[in-house]
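Read top to bottom, the protein sequences are chains A and B. Counting from 3, one number per residue, gives the positions in the first sequence under the numbering used here. Counting from 3, one number per residue, gives the positions in the second sequence under the numbering used here. Heads up, the thing below is written out as structure tokens.
2 protein chains.
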Amino acid sequence: MTKEELIKGIKTGDPRSLSKAITLAESSLDSKQEVALQIIEHFGPQKDTLRIGVTGAPGVGKSTFIEAVGVEILKDPTKKIAVLSIDPSSEVSQGSILGDKTRMNKLSSMDAAYIRPSASGNNLGGVSKNTRLAILLCEAAGYNTIFIESVGVGQNETEIAKLSDLFVLLISPGGGDELQGIKRGIMEVADIIVVNKADGNNKSQAQVTAKEYSMALNLKPKNENNWTPKVVVVSAHKRQGIQPLIEKCLDYNKHIKNHWKQNNRKEQMKYWTKKNIEYLLLSKIDQYSDTIESSIENGVLPERLAKNILE
Amino acid sequence: MTKEELIKGIKTGDPRSLSKAITLAESSLDSKQEVALQIIEHFGPQKDTLRIGVTGAPGVGKSTFIEAVGVEILKDPTKKIAVLSIDPSSEVSQGSILGDKTRMNKLSSMDAAYIRPSASGNNLGGVSKNTRLAILLCEAAGYNTIFIESVGVGQNETEIAKLSDLFVLLISPGGGDELQGIKRGIMEVADIIVVNKADGNNKSQAQVTAKEYSMALNLKPKNENNWTPKVVVVSAHKRQGIQPLIEKCLDYNKHIKNHWKQNNRKEQMKYWTKKNIEYLLLSKIDQYSDTIESSIENGVLPERLAKNILE
Numbered sequence: 003m004t005k006e007e008l009i010k011g012i013k014t015g016d017p018r019s020l021s022k023a024i025t026l027a028e029s030s031l032d033s034k035q036e037v038a039l040q041i042i043e044h045f046g047p048q049k050d051t052l053r054i055g056v057t058g059a060p061g062v063g064k065s066t067f068i069e070a071v072g073v074e075i076l077k078d079p080t081k082k083i084a085v086l087s088i089d090p091s092s093e094v095s096q097g098s099i100l101g102d103k104t105r106m107n108k109l110s111s112m113d114a115a116y117i118r119p120s121a122s123g124n125n126l127g128g129v130s131k132n133t134r135l136a137i138l139l140c141e142a143a144g145y146n147t148i149f150i151e152s153v154g155v156g157q158n159e160t161e162i163a164k165l166s167d168l169f170v171l172l173i174s175p176g177g178g179d180e181l182q183g184i185k186r187g188i189m190e191v192a193d194i195i196v197v198n199k200a201d202g203n204n205k206s207q208a209q210v211t212a213k214e215y216s217m218a219l220n221l222k223p224k225n226e227n228n229w230t231p232k233v234v235v236v237s238a239h240k241r242q243g244i245q246p247l248i249e250k251c252l253d254y255n256k257h258i259k260n261h262w263k264q265n266n267r268k269e270q271m272k273y274w275t276k277k278n279i280e281y282l283l284l285s286k287i288d289q290y291s292d293t294i295e296s297s298i299e300n301g302v303l304p305e306r307l308a309k310n311i312l313e
Numbered sequence: 003m004t005k006e007e008l009i010k011g012i013k014t015g016d017p018r019s020l021s022k023a024i025t026l027a028e029s030s031l032d033s034k035q036e037v038a039l040q041i042i043e044h045f046g047p048q049k050d051t052l053r054i055g056v057t058g059a060p061g062v063g064k065s066t067f068i069e070a071v072g073v074e075i076l077k078d079p080t081k082k083i084a085v086l087s088i089d090p091s092s093e094v095s096q097g098s099i100l101g102d103k104t105r106m107n108k109l110s111s112m113d114a115a116y117i118r119p120s121a122s123g124n125n126l127g128g129v130s131k132n133t134r135l136a137i138l139l140c141e142a143a144g145y146n147t148i149f150i151e152s153v154g155v156g157q158n159e160t161e162i163a164k165l166s167d168l169f170v171l172l173i174s175p176g177g178g179d180e181l182q183g184i185k186r187g188i189m190e191v192a193d194i195i196v197v198n199k200a201d202g203n204n205k206s207q208a209q210v211t212a213k214e215y216s217m218a219l220n221l222k223p224k225n226e227n228n229w230t231p232k233v234v235v236v237s238a239h240k241r242q243g244i245q246p247l248i249e250k251c252l253d254y255n256k257h258i259k260n261h262w263k264q265n266n267r268k269e270q271m272k273y274w275t276k277k278n279i280e281y282l283l284l285s286k287i288d289q290y291s292d293t294i295e296s297s298i299e300n301g302v303l304p305e306r307l308a309k310n311i312l313e
């Protein structure tokens with residue numbers, strides 16, 4: 003498919019065209035990525051979208067949560083949802099979305115939903131870059147609510163925050179931060195904290211946990227967007243508490259919409275530009291290998307040699 | 003103290019001069035580091051030294067081990083020992099060596115021993131760089147046996163291997179690799195594995211553990227220096243098994259001396275030169291901040307902007 007055909011396909015809402023464009027964006031070949039960049043540039047930035055980062059320890063129910071919220075959101079016929087899962091710890095074969103489709107049965111069967119994992123990709127910037135371009139392509143295709151789901155363990159949640167407008171942290175009833183594998187610093191960037199699994203025997207424990215986190219959040223200063231983080235109790239599995247949560251998300255969206263959101267996206271772009279420059283600079287390293295090989299001699303200091311080579 | 007005075011002091015074996023030179027090497031100021039580099043270059047490379055990297059999980063007894071081995075080695079009046087501790091997880095105040103001195107009471111009171119932690123340092127290359135230059139300065143001062151001790155948790159043991167001729171892994175009796183917090187890949191680069199704490203109730207368990215590791219090592223190919231890793235059982239606390247261990251170290255030193263050692267140090271220098279180039283390239287990033295700030299506009303892609311800026 004040519005660039006023009008892909009653009010046309012994306013315009014008409016053809017998910018296959020979108021998938022192909024994302025695959026181009028994930029390619030390690032510069033020429034292929036260039037096509038994806040041009041497609042994104044053709045459509046330009048889409049302002050009226052909400053990018054929701056979702057993180058939490060393994061087993062906390064992120065997929066079930068996204069499915070429950072997604073299905074509820076799609077009751078509004080103006081909404082279209084894309085779910086992008088980031089899993090740098092596993093290698094996702096390009097285009098294979100089966101793993102995620104089966105995890106979100108109902109959502110994946112709906113026409114207004116698009117689900118795709120980010121290939122881990124060894125190319126520049128890795129997963130975050132792939133996901134960032136995928137977000138832009140989904141938005142170009144008319145998806146106005148984008149979920150960015152962290153799947154892998156030990157990945158950089160801060161990078162997910164750098165891709166999102168709204169950052170949601172899922173926790174289980176009971177257990178402290180450390181027990182739940184929540185990294186330090188994550189609590190500080192969360193806009194909404196969701197206590198999931200508030201069903202069966204966990205119901206009262208979930209309320210206690212929510213109260214504890216609310217109290218802790220009251221002690222900390224407001225987020226830089228002047229928003230006081232909210233704590234919500236849900237059971238994604240039983241589809242309980244989902245509507246109130248969505249209202250909180252809409253409140254948040256209203257809160258940031260006038261000014262902060264566009265500004266924040268601009269700041270994120272600066273961050274990613276820096277990361278790209280970093281990558282481009284580092285990609286030059288291998289070109290020095292031969293010089294190092296031939297210049298090394300007994301007693302020369304690495305500091306000295308490095309400076310000489312770059313001079 | 004001027005450069006000339008420091009050189010003179012180091013030549014006459016004055017530990018204060020050595021400490022001052024190391025502090026210069028650890029400085030984040032280019033001009034100060036330059037003095038340290040010139041001092042190192044003045045003395046040139048010292049061939050007849052042995053750099054011993056020591057790693058192992060917290061609590062395995064690394065300091066007690068180094069003290070026991072060090073005191074034993076110093077029975078040979080031709081030997082001088084330097085112990086450099088690397089702890090990137092804690093911030094060591096420059097020049098403060100009290101923490102380590104108290105951990106190695108006997109050794110630190112001996113004239114032929116020099117003990118110093120590497121300041122964690124936020125400067126280029128971080129701890130590894132500081133330690134590398136400290137090794138060279140200690141060797142210039144006539145210390146012919148250098149211990150590089152990992153102290154912090156979660157640091158890069160591979161970097162310690164890149165600073166050493168001989169890599170020693172300490173383990174406790176019983177417990178698998180994972181239980182002992184031994185990272186994957188470390189076993190592969192260890193030249194000597196020491197089962198420590200073979201005393202009291204642990205004595206027979208230590209023998210069992212040693213046998214298990216010996217068997218595991220027999221299954222793996224020889225190290226790249228054609229050396230079959232040895233397993234030794236000691237009690238650093240009770241000073242038992244230390245002499246046989248030192249003999250193994252001397253065997254190893256003889257084994258690598260003719261060819262591999264100098265070659266390996268050359269390979270390590272290549273590695274550190276690359277790291278230095280990497281750092282120098284990355285240190286340029288901040289100079290682009292203003293350009294990024296002024297060039298960012300709605301809709302521009304970080305990929306595009308980064309390329310334009312570097313062109």
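Glycine residues also receive a C-beta, built at the ideal position from the N, C-alpha and C atoms.
Give me the chain A residues within the contact set of residue i, using Cβ-Cβ distance strictly less than 9 Å, ordered along the chain.
| i | result |
| --- | --- |
| B/E6 | The premise fails here: B/E6 is roughly 20 Å from chain A at the closest Cβ pair, so nothing lies under 9 Å. |
Beta-carbon separation of residue i and residue j under 9 Å?
| i | j | result |
| --- | --- | --- |
| A/M106 | A/V85 | yes |
| B/Q270 | B/K199 | no |
| A/G61 | A/S237 | no |
| B/A192 | B/V170 | yes |
| A/L303 | B/E43 | yes |
| B/Q245 | B/D201 | no |
| A/K108 | A/E151 | no |
| B/I194 | B/K240 | no |
| A/E280 | B/I287 | yes |
| B/N255 | B/L172 | no |
| B/S297 | B/N278 | no |
| B/V210 | B/L247 | no |
| B/F149 | B/V56 | yes |
| B/V235 | B/A212 | yes |
| B/S21 | B/I88 | no |
Using DSSP bridges, identify the partner residues of residue i.
| i | result |
| --- | --- |
| A/I150 | A/G55 and A/L86 |
| B/K232 | B/I194 |
| A/I173 | A/V197 |
| A/Q242 | A/S237 |
| B/A143 | The partner list for B/A143 (beta bridge, DSSP) is empty, contrary to what the question assumes. |
| B/I134 | Residue identity check: residue 134 of chain B is Arg in the sequence provided, not Ile. Answer by DSSP bridge pairing: none, since B/R134 is not bridged. |
| B/P320 | Residue coverage of chain B in this structure runs from 3 to 313, which leaves residue 320 of chain B outside it and unanswerable. |
| B/L39 | Beta-bridge pairing links B/L39 to no other residue. |
| B/L168 | B/I54 |
Given that residue i touches chain B, what residues does it touch there, using C-beta distances under 8 Å?
| i | result |
| --- | --- |
| A/I322 | Residue coverage of chain A in this structure runs from 3 to 313, which leaves residue 322 of chain A outside it and unanswerable. |
Closer than 7 Å by beta-carbon distance: list the chain A residues that pair up with residue i, in chain order.
| i | result |
| --- | --- |
| B/N305 | Here residue 305 of chain B is Glu; the residue named in the question, Asn, does not match the sequence. In chain order: L39 and N278. |
| B/A308 | T275, N278, I279 and L282 |
I think residue i touches residue j, with their Cβ atoms under 8 Å apart; what is that distance to the nearest whole Å?
| i | j | result |
| --- | --- | --- |
| B/I9 | A/K276 | Going by Cβ atoms, the distance from B/I9 to A/K276 rounds to 42 Å, so no, they are not a contact pair. |
| A/S166 | A/R18 | That pair is no contact at about 27 Å. |
| B/L139 | B/A208 | That pair is no contact at about 37 Å. |
Quick check: is the beta carbon of residue i nearer than 9 Å to any beta carbon in chain A?
| i | result |
| --- | --- |
| B/V302 | yes |
| B/K222 | no |
| B/I24 | no |
| B/H207 | According to the sequence as given, residue 207 of chain B is Gln; it is not His. No, B/Q207 does not count as interfacial toward chain A. |
| B/L138 | yes |
| B/Q35 | yes |
| B/Y290 | yes |
Quick one: which chain B residues come within Cβ less than 7 Å of residue i?
| i | result |
| --- | --- |
| A/E43 | L303 |
| A/G46 | G301 |
With 9 Å set as the bound, which would you pick, yes or no: does the beta-carbon of residue i sit closer than that to a beta-carbon of chain B?
| i | result |
| --- | --- |
| A/R134 | yes |
| A/N124 | With a pLDDT of 47 at A/N124, under the threshold of 50, the modelled position of this residue cannot be trusted; read the value that follows with caution. False, the Cβ-Cβ gap to chain B never drops below 9 Å. |
Please list the partners that residue i has in chain A, where partner means a Cβ-to-Cβ separation under 8 Å.
| i | result |
| --- | --- |
| B/L283 | L283, L284, K286, I287 and L312 |
| B/E295 | K272 |
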